[in-house]
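Residue numbers (our numbering): 6 to 89.
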């Protein structure tokens with residue numbers, strides 16, 4: 006899968022996130038779209054998102070690549086516990 010069809014950044018309940026964490030999530034999502042527009046392939050975007058998503062403290066990221074595109078779901082640890 007070389008050509009990216011979609012990028013989806015989803016942060017379902019940001020009420021648990023601090024404004025700083027929310028800003029970092031938004032920035033990463035915007036960077037991914039910008040890099041895709043510059044011609045980065047799916048593998049490059051995946052590793053970029055994976056590397057930079059891990060740096061966001063206070064938020065967990067699930068990152069997948071599929072036929073729908075690149076999907077990043079951000080959740081706080083507190084939110085994950087409530088959902089489970």
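For glycine and all other residues, C-beta sits at the position ideal for the given N, C-alpha and C.
Inter-residue spacing [alpha-carbon to alpha-carbon] between residue i and residue j
i: residue 15; j: residue 43; result: 22 Å
i: residue 66; j: residue 77; result: 6 Å
i: residue 27; j: residue 36; result: 14 Å
i: residue 25; j: residue 57; result: 15 Å
i: residue 48; j: residue 21; result: 30 Å
i: residue 40; j: residue 53; result: 10 Å
i: residue 81; j: residue 29; result: 13 Å
i: residue 60; j: residue 31; result: 14 Å
For residue i: DSSP bridge partner residues
i: residue 16; result: Answer is none; residue 16 lacks a bridge partner.
Other residues of its chain near residue i: CB distance less than 8 Å, five sequence neighbours each side excluded
i: residue 51; result: 68, 70, 75
i: residue 23; result: 63
Own chain partners of residue i with C-beta closer than 7 Å, once the 5 adjacent residues on each side are dropped
i: residue 38; result: 12
Contacting residues, own chain, Cβ-Cβ under 6 Å from residue i (five flanking each side not counted)
i: residue 6; result: Legend: pLDDT at residue 6 = 46, less than 50; position of this residue unreliable, no value from coordinates given.
i: residue 55; result: 68
i: residue 34; result: 14
i: residue 79; result: 16, 30, 64, 66
Residue i beta carbon near the ligand HEM (any heavy atom closer than 6 Å)
i: residue 44; result: Absence of the ligand HEM from the depicted structure is noted, as is the absence of any ligand whatsoever, leaving it without description.
Beta strand (DSSP E) segments (min. 3 residues) lying fully within the region 21-73: 65-71
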